[in-house]
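Everything below concerns the one structure shown next.
Protein chains in written order, with our numbering: chain A, 1217 to 1483; chain B, 179 to 444.
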């Protein structure tokens, strides 16, 4: 029964997407164009340059294209379905989350899981095409591939908790639009979506080492392209796992505190 | 004159409304600034690692993001509310606008005050000052005038693109998705010389999505690279005019789309 509930909650957003063909077409066009543009940019930049910041041309192109594909993992439009915490706060419907047989924390996690699995299908299909066309290099060995997958899963877990923190912020501030945009920026910049972190000055990389963002994307992608050797992977995976545990405990605590703030106006 | 007075009164009320949530107000200013800083970071990291990008020196390249960001800041301040049309349709606001005695377009623009534009414009002005300070060009009255005209042209071109997306949103509210992507594309690919890209891709960003006309071509003309852009010099130089024409066309499209608007309830 619990599995059935989980399945029903997890598939809500993907089903919404499947019933909106224009949005799916848009997602496909956007993904293709973005991959072509990013690959062209990095190939163009490396046209007159050798290895830079420890990354060869192939490594930089693979990193940048994989970053585009990974960004598909969490790009579903919950806003269109009016099921973001922000919207529930605005319309006062957050109280329903507390009246259902499914606890809000689990509902939130299941929705995110469904979105991420759906996004992963897109990312995998894109990866297969990029691999077949030679845009992205395959991992050096089965060991690298295995470590990359583990690291990517941990990274997605960290990313989920960071996004959850922002959602939970709504319980105290009612609105999180501004904070969400700042977070998206910080996430893109500090996880290496704009440009691989290896291109940034030393002080910048030292600062980002103390934040959870690089654990979301920079670490798995650096492992994939070989910028972090498999021998050094254990330490990086441990840091990712530590962030996941720390953020899990913090968000669990906040769910409890948030529940005390929900009141149903009008009795 | 009456219209300007009304718009100013509504704007003042909007600013007061935004200041009701003080933290959100300050965060919004910060967002505008931070969003633009990301563009600067991207451009400077690339400039530091790959000097002489596309045959341009770094002071010349800086003029591209500076022009684009300033044009973008002006767009956000004066014409930027087009982003929210999909949401306005879903919430039934367009239907309300239609029965009020002000043009719908103006009501959309006066829906709220774009606090983030303050941050946008502050950072953009700072970058422009930096770019002009590092520039080796002789900034004659003619060059300065051309730069100002290009900023207005860039603003109108960006407004035209977002107005076109807004027209689509009137029919398909989910089209706002394209708007977010457009903003991202303008931010990333509008900030450096497009001649580093393969010709086909550069052509796509010139004739498919006229991103090159916002800042790349104007900066190329100003810095003497106008003959190496892959398009005739006159076309690159006429970028501001293209902005005006595109905006007029977009407003016609807006009027047509509004005439065919059927509302959320059919």
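Just so you know, even glycine gets a beta-carbon here, dropped at the ideal spot from N, CA and C.
Please list, in chain order, the chain B residues whose beta carbon lies closer than 7 Å to that of residue i.
i	result
residue 1287 of chain A	None at all; the shortest Cβ gap to chain B is about 10 Å.
residue 1310 of chain A	The premise fails here: residue 1310 of chain A is roughly 18 Å from chain B at the closest Cβ pair, so nothing lies under 7 Å.
residue 1246 of chain A	359
residue 1422 of chain A	The premise fails here: residue 1422 of chain A is roughly 16 Å from chain B at the closest Cβ pair, so nothing lies under 7 Å.
residue 1265 of chain A	228
Mind listing the chain B neighbours of residue i? Cutoff is C-beta to C-beta under 8 Å, in chain order.
i	result
residue 1398 of chain A	205, 208, 209 and 212
residue 1279 of chain A	Those within 8 Å of residue 1279 of chain A in chain B number zero; the least Cβ separation is about 14 Å.
residue 1194 of chain A	Because chain A here runs from 1217 to 1483, residue 1194 of chain A falls outside it and cannot be looked at.
residue 1268 of chain A	227 and 228
residue 1215 of chain A	Beyond the ends of chain A as shown, which are 1217 and 1483, falls residue 1215 of chain A; an answer cannot be given.
Check the DSSP bridge columns for residue i and list the partner residues they point to.
i	result
residue 1268 of chain A	A/1271
Since I believe residue j is in contact with residue i (beta carbons under 8 Å), could you give me their beta-carbon distance rounded to a whole number of angstroms?
i	j	result
residue 399 of chain B	residue 414 of chain B	6 Å
residue 1414 of chain A	residue 1260 of chain A	So it is not a contact: roughly 19 Å between Cβ atoms.
residue 428 of chain B	residue 341 of chain B	4 Å
residue 344 of chain B	residue 260 of chain B	4 Å
residue 263 of chain B	residue 286 of chain B	7 Å
residue 217 of chain B	residue 1411 of chain A	In fact, because the Cβ distance is near 12 Å, the residues do not count as touching under 8 Å.
residue 1445 of chain A	residue 1275 of chain A	Residue 1445 of chain A to residue 1275 of chain A, Cβ: 13 Å. No contact.
residue 372 of chain B	residue 352 of chain B	Actually they do not touch by this definition, with Cβ atoms about 30 Å apart.
residue 1467 of chain A	residue 1377 of chain A	5 Å
residue 244 of chain B	residue 181 of chain B	The pair is not a contact, with the Cβ atoms about 33 Å apart (cut-off 8 Å).
residue 1251 of chain A	residue 1281 of chain A	6 Å
residue 370 of chain B	residue 221 of chain B	6 Å
Kindly list, in the order they appear in chain A, the residues whose Cβ is closer than 9 Å to that of residue i.
i	result
residue 376 of chain B	1256, 1259 and 1260
How would you write the range of the alpha helix (DSSP H) that residue i sits in, first residue to last?
i	result
residue 184 of chain B	180 to 196
residue 330 of chain B	319 to 349
residue 206 of chain B	200 to 227
residue 1379 of chain A	1358 to 1389
residue 1218 of chain A	1218 to 1226
residue 267 of chain B	263 to 268
residue 284 of chain B	282 to 287
residue 1464 of chain A	1449 to 1477
residue 273 of chain B	271 to 276
residue 398 of chain B	394 to 401
residue 256 of chain B	236 to 257
residue 436 of chain B	417 to 437
residue 1305 of chain A	1301 to 1307
residue 293 of chain B	Note, residue 293 of chain B: premise wrong, no alpha helix (DSSP H); not H, not E.
residue 1420 of chain A	1418 to 1424
residue 1413 of chain A	No alpha helix (DSSP H) contains residue 1413 of chain A, which DSSP labels as neither H nor E.
residue 1348 of chain A	1320 to 1348
residue 1310 of chain A	1310 to 1313
residue 378 of chain B	377 to 381
residue 357 of chain B	354 to 367
residue 1439 of chain A	1434 to 1441
Going along chain A, which residues have a C-beta under 8 Å from residue i?
i	result
residue 216 of chain B	1401, 1404, 1405 and 1410
residue 224 of chain B	1261, 1411 and 1415
residue 159 of chain B	Nothing in the structure corresponds to residue 159 of chain B, since chain B is present only between 179 and 444.
residue 220 of chain B	1410 and 1411
residue 379 of chain B	1252, 1253 and 1256
For residue i, go through chain A and note every residue whose CB falls closer than 7 Å to its CB, in chain order.
i	result
residue 356 of chain B	1242
Taking residue i as the query, report the chain B residues whose CB atoms sit under 9 Å from its CB, ordered along the chain.
i	result
residue 1283 of chain A	Correct list: empty, because the minimum Cβ distance to chain B is about 12 Å.
residue 1358 of chain A	Neighbours of residue 1358 of chain A on chain B: none; closest Cβ ~32 Å, over 9 Å.
residue 1222 of chain A	Within 9 Å Cβ-Cβ: nothing; residue 1222 of chain A doesn't reach chain B, min ~27 Å.
Measure from the C-beta of residue i to each C-beta in chain C and report whether the shortest distance is under 7 Å.
i	result
residue 180 of chain B	Although the question refers to chain C, the structure presented lacks it and instead comprises the protein chains A and B.
Under 8 Å, with one C-beta from each stretch per pair, do the segment 1459 to 1475 of chain A and the segment 1373 to 1382 of chain A reach the 3-pair mark? yes
Would you call the segment 224 to 239 of chain B and the segment 264 to 273 of chain B in contact, with 3 or more CB pairs under 8 Å? no
Are the segment 1433 to 1441 of chain A and the segment 1314 to 1329 of chain A touching, with three or more C-beta to C-beta distances below 8 Å? no
With three or more beta-carbon pairs closer than 8 Å as the criterion, would you say the segment 290 to 309 of chain B touches the segment 184 to 197 of chain B? yes
Specify whether the segment 1329 to 1341 of chain A and the segment 1407 to 1427 of chain A touch according to this definition: at least 3 beta carbon pairs, one from each stretch, less than 8 Å apart. no
Contact between the segment 232 to 249 of chain B and the segment 304 to 322 of chain B: three or more CB pairs below 8 Å? yes
Say whether the segment 363 to 383 of chain B touches the segment 401 to 419 of chain B, bearing in mind that this needs 3 or more beta-carbon pairs closer than 8 Å, one atom from each stretch. yes
For the segment 198 to 206 of chain B and the segment 344 to 364 of chain B, state whether three or more C-beta atom pairs, one from each stretch, are separated by less than 8 Å. no
Within 8 Å, do at least three Cβ pairs link the segment 1405 to 1414 of chain A to the segment 1469 to 1477 of chain A? no
Are three or more beta carbon pairs between the segment 1353 to 1367 of chain A and the segment 1439 to 1454 of chain A nearer than 8 Å? yes
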